[in-house]
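Novice:
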Amino acid sequence: MNKLKLRPESECKYDIISLGEVMLRLDPGENRIHTTRQFNVWEGGGEYNVARGLKRCFGKRAAVVTAIVDNPVGRLLEDLLYQGGTGLEYIKWVPFDGIGRKTRVGLNFTERGFGVRAAVGCNDRAGSAASQIKKGDIDWNSIFGNDGVRWFHSGGIYAGLSETTPEVLIEAMQAAKKYGTVVSYDLNYRASLWKDIGGKKKAMQVNREIAPLVDVMIGNEEDFSASLGFEVHGLDEKCSKLDPANFKKMIREAVSEFPNFKAVATTLRNAITATKNDWGAVLYAGGEFYDAQLREKLEILDRVGGGDSFASGLIYALMEGKDPQTAVDYGAAHGALAMTTTGDTTTASLKEVERLVEGGSARIAR
Numbered sequence: 259m260n261k262l263k264l265r266p267e268s269e270c271k272y273d274i275i276s277l278g279e280v281m282l283r284l285d286p287g288e289n290r291i292h293t294t295r296q297f298n299v300w301e302g303g304g305e306y307n308v309a310r311g312l313k314r315c316f317g318k319r320a321a322v323v324t325a326i327v328d329n330p331v332g333r334l335l336e337d338l339l340y341q342g343g344t345g346l347e348y349i350k351w352v353p354f355d356g357i358g359r360k361t362r363v364g365l366n367f368t369e370r371g372f373g374v375r376a377a378v379g380c381n382d383r384a385g386s387a388a389s390q391i392k393k394g395d396i397d398w399n400s401i402f403g404n405d406g407v408r409w410f411h412s413g414g415i416y417a418g419l420s421e422t423t424p425e426v427l428i429e430a431m432q433a434a435k436k437y438g439t440v441v442s443y444d445l446n447y448r449a450s451l452w453k454d455i456g457g458k459k460k461a462m463q464v465n466r467e468i469a470p471l472v473d474v475m476i477g478n479e480e481d482f483s484a485s486l487g488f489e490v491h492g493l494d495e496k497c498s499k500l501d502p503a504n505f506k507k508m509i510r511e512a513v514s515e516f517p518n519f520k521a522v523a524t525t526l527r528n529a530i531t532a533t534k535n536d537w538g539a540v541l542y543a544g545g546e547f548y549d550a551q552l553r554e555k556l557e558i559l560d561r562v563g564g565g566d567s568f569a570s571g572l573i574y575a576l577m578e579g580k581d582p583q584t585a586v587d588y589g590a591a592h593g594a595l596a597m598t599t600t601g602d603t604t605t606a607s608l609k610e611v612e613r614l615v616e617g618g619s620a621r622i623a624r
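All you need for my numbering is the position in the sequence shown, starting with 1, plus 258.
1. For residue 300, which residues from the same chain have a beta carbon less than 8 Å from its beta carbon, with the 5 sequence-adjacent residues on both sides left out?
2. Specify the secondary structure class of residue 592 as computed by DSSP and reduced to three states.
3. Report the residue from 560, 507, 554, 399 whose alpha carbon sits nearest the alpha carbon of residue 287.
4. Which residue or residues does DSSP assign as beta-bridge partners of residue 297?
5. How long is the line joining the alpha carbons of residue 541 and residue 467, rounded to whole angstroms?
6. Take residue 612 and list the residues in its own chain whose beta-carbon comes closer than 7 Å to its own, dropping the five residues that flank it on each side.
7. Kindly indicate which three-state DSSP category residue 328 falls into: helix, strand or coil?
8. According to DSSP, simplified to helix, strand and coil, what is residue 440?
9. Could you check what DSSP says for residue 318 in three-state terms: helix, strand or coil?
10. Count the CB pairs spanning the segment 311 to 329 and the segment 345 to 357 that are closer than 8 Å, and state whether there are at least three.
11. Using a Cβ-Cβ cutoff of less than 6 Å, which residues in the same chain neighbour residue 582 once the five nearest sequence positions on both sides are dropped?
12. Between 569, 422, 535, which has its C-alpha nearest residue 390's C-alpha?
13. What are the residues that DSSP puts in a beta bridge with residue 537?
14. Hey, quick one: how far does the alpha helix (DSSP H) through residue 504 stretch, first residue to last?
15. Give the list of continuous beta strand (DSSP E) stretches no shorter than 3 residues that lie fully inside the segment 319 to 393.
16. Suppose you measure from the CA of residue 297 to the CA of residue 263; what does that come to, to the nearest Å?
17. Could you tell me the distance, in whole angstroms, from the CA atom of residue 484 to the CA atom of residue 524?
18. With which residues is residue 285 paired in a DSSP beta bridge?
19. Buried or exposed for residue 470, please, with buried defined as at least 16 other CB atoms from any protein chain shown within 10 angstroms of its CB.
20. Which residues bound the alpha helix (DSSP H) around residue 566?
21. Note the first and the last residue of the continuous alpha helix (DSSP H) segment covering residue 265.
22. Answer with buried or exposed for residue 411, where buried requires no fewer than 16 other C-beta atoms within 10 angstroms of its C-beta.
23. Could you work out which residue in 415, 329, 267, 486 is closest to residue 355 when comparing CA atoms only?
24. Return the first residue and the last residue of the beta strand (DSSP E) that residue 475 is part of.
25. Quick one: what's got a C-beta closer than 7 Å to residue 399's C-beta in the same chain, skipping five residues either side?
26. Per DSSP, residue 292 forms a beta bridge with which residues?
27. Three-state secondary structure (DSSP) at residue 277?
28. Leaving out the 5 sequence neighbours to the left and right, which residues in its chain are closer than 8 Å to residue 424 when beta-carbon positions are compared?
29. Here's a check: name, in chain order, each residue in its chain whose Cβ is nearer than 6 Å to the Cβ of residue 535, leaving out the five neighbours to either side.
30. Out of 293, 408, 291, 367, which one is the CA nearest neighbour of residue 268?
31. Where does residue 408 fall in DSSP's three states?
32. Measure the alpha-carbon distance for residue 609 versus residue 572 and round it to whole angstroms.
33. Identify which residue in 377, 406, 419, 376 has its Cα closest to the Cα of residue 387.
34. Return yes when at least one heavy atom of the ligand FMN lies under 6 Å from the C-beta of residue 419, else no.
35. What whole-angstrom Cβ distance do residue 456 and residue 271 have, given they're in contact under 8 Å?
36. In chain order, what residues of the same chain have a beta carbon less than 7 Å from the beta carbon of residue 531, not counting five sequence neighbours either side?
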């Protein structure tokens, strides 16, 4: 494997920081969004979830870079972030205008689905504080240079939030590169984010500009197709999410065009029902492919955040210098565990991940 060169722990304040929006997720539990009378509230965001997982499950020093409006709803989000344990010193607090005309906290409503009823998500996040961050708002030289960071993570969700967020991402990645910080990026294509600002064409334009700055690229087949233009051929829709051979061809094409990718990882998911998924993963590193165990008919309680937890397990293992096979196994195991609990974020422990990687069963642990 072309080893990732990480900065020494001793010269860095944080092992990882993530840049992205952190939303309030309103969860109707077993009910539907449009009929419920109460919600559970969690914090979550595709980029933040990765840093949080590295802190809570894997014990790494983590922080989040974002913006939050300074009102009671924003402070509720802050209170949830405290429980997540990531450093909050890089949060930009934005004054509240009284009714949210200028800025707000983004909301995500997600119902989990059950059986033949698929999970449903509905975002209410336009105009959020995090989406309004502009180039020059964050002192990246201070973060990467003075404080020191070993790994930087962000993704395509943040890239699609506004006209300014891609510029912020590129500015951050360029600064990370300057100071020797490893950069990972999860393409995380969401049609709803892009459809009103140019659709797939715009998503591809933005992500292809970002891709040359990425060391570790993460995404599934839809992500690579919609965000970078690499197609998976030769499979019917029923099987496309499970055959690693087609992903491997696509990944080789991506690495050929973007030789800066030192590693490329993808999850393999086939949703048999909302509550039973086949789940696996593939990692490409050093010119070789490594396949995680395919878990057939994995029982799902809440699928949101499974991919983010895969990313944090993968990053942890790579950060620790573990071999590529171990890295993809850790990612797949952590993602599987995250989907057995409610909320976007992990509640797993390193011991549980290791037990699953080693082939442990669901028998009660006493």
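We put the beta carbon where it would ideally sit given N, CA and C, even for glycine.
Fair warning: this is a prediction, and the values are worked out from it, not measured in the lab.
Specialist: So, to answer that:
1. As a first step, residue 300 is located in the sequence shown; it is residue number 42 there, counting from the start. Cβ neighbours of residue 300 beyond the five flanking positions: 282, 283, 285, 338, 600, 601, 602, 603.
2. Counting from 1 along the sequence shown, the entry for residue 592 is found at position 334. Here residue 592 sits in helix by DSSP.
3. Residue 287 sits at position 29 when you count from the first residue of the sequence shown. The shortest C-alpha separation from residue 287 is found at 560.
4. Counting from one through the sequence shown, the residue named residue 297 turns up at place 39. DSSP output for residue 297 lists no bridge partner at all.
5. In the sequence shown, counting from the first residue as 1, residue 541 sits at position 283. In the sequence shown, counting from the first residue as 1, residue 467 sits at position 209. Counting only the Cα atoms, residue 467 lies some 23 Å from residue 541.
6. In the sequence shown, residue 612 corresponds to position 354, counting from 1. There are no such residues.
7. As a first step, residue 328 must be located in the sequence shown, where it is residue number 70. Reduced to three states, the DSSP call for residue 328 is strand.
8. Walking along the sequence shown from the start, residue 440 turns up at place 182. Strand.
9. For the purposes of this step, residue 318 is taken as the residue at position 60 of the sequence shown. Note: residue 318 maps to coil in three-state DSSP.
10. Short answer: they touch.
11. Here the question's residue 582 lines up with position 324 in the sequence shown. 259, 541, 543, 548.
12. Translated into the one-based positions of the sequence shown, residue 390 becomes position 132. The option with the nearest alpha carbon to residue 390 is 422.
13. Your numbering for residue 537 matches position 279 in the sequence shown. Paired residue(s): 527, 553.
14. Residue 504 sits at position 246 when you count from the first residue of the sequence shown. Per DSSP, residue 504 belongs to the alpha helix (DSSP H) from 502 to 515.
15. The segment 319 to 393 contains these whole beta strand (DSSP E) runs: 320 to 328, 349 to 353, 365 to 369, 378 to 382.
16. Numbered from 1 along the sequence shown, position 39 holds the residue referred to as residue 297. Numbered from 1 along the sequence shown, position 5 holds the residue referred to as residue 263. C-alpha separation (whole angstroms): 44 Å.
17. Residue numbering aside, residue 484 sits at position 226 when the sequence shown is read from its first letter. Residue numbering aside, residue 524 sits at position 266 when the sequence shown is read from its first letter. Cα to Cα, the separation comes out at about 15 Å.
18. Numbered from 1 along the sequence shown, position 27 holds the residue referred to as residue 285. The partner list for residue 285 (beta bridge, DSSP) reads 298.
19. Along the sequence shown, one-based indexing puts residue 470 at 212. Residue 470 should be labelled exposed.
20. Counted from its first residue, the sequence shown places residue 566 at position 308. Where residue 566 is concerned, the enclosing alpha helix (DSSP H) stretches over 564 to 577.
21. As a working mapping, residue 265 is identified with position 7 in the sequence shown. Segment: none, residue 265 is in no alpha helix (DSSP H) and carries neither H nor E.
22. Residue mapping note: residue 411 aligns to position 153 of the sequence shown, counting from 1. Buried, because 16 or more other Cβ atoms sit within 10 Å of the Cβ of residue 411.
23. Residue mapping note: residue 355 aligns to position 97 of the sequence shown, counting from 1. Checking every option, the nearest Cα to that of residue 355 belongs to 329.
24. As a first step, residue 475 is located in the sequence shown; it is residue number 217 there, counting from the start. Per DSSP, residue 475 belongs to the beta strand (DSSP E) from 474 to 476.
25. Locating residue 399 in the sequence shown gives position 141, counting from the first residue. So the list reads 433, once near-sequence residues are dropped.
26. Here residue 292 corresponds to residue number 34 of the sequence shown, with the count starting at 1. Answer is none; residue 292 lacks a bridge partner.
27. Locating residue 277 in the sequence shown gives position 19, where the first residue counts as 1. Residue state, collapsed to three classes: strand.
28. Start at 1 with the first residue of the sequence shown, and residue 424 comes out as number 166. 417, 464, 467, 468.
29. Mapped onto the sequence shown, residue 535 falls at position 277. Hits under 6 Å: 527, 529, 556, 558.
30. The residue you call residue 268 lines up with position 10 of the sequence shown. When only C-alpha atoms are compared, the closest one is 408.
31. Position 150 of the sequence shown, counted from the first residue, corresponds to residue 408. If DSSP states are grouped into helix, strand and coil, residue 408 belongs with the strands.
32. Along the sequence shown, one-based indexing puts residue 609 at 351. Along the sequence shown, one-based indexing puts residue 572 at 314. Between residue 609 and residue 572, the C-alpha separation is close to 15 Å.
33. Start at 1 with the first residue of the sequence shown, and residue 387 comes out as number 129. Residue 387 has its Cα closest to that of 419, out of 377, 406, 419, 376.
34. Judged by which ligands are present, the structure shown has none, so any question about the ligand FMN falls away.
35. For the purposes of this step, residue 456 is identified with residue 198 of the sequence shown, where counting begins at 1. For the purposes of this step, residue 271 is identified with residue 13 of the sequence shown, where counting begins at 1. Rounded, the Cβ-Cβ distance is 38 Å, inconsistent with contact.
36. Sequence index remark: in the sequence shown, residue 531 carries index 273 (1-based). Here residue 531 has 373, 374 as same chain residues with Cβ atoms under 7 Å from its own Cβ, once five neighbours each way along the sequence are excluded.
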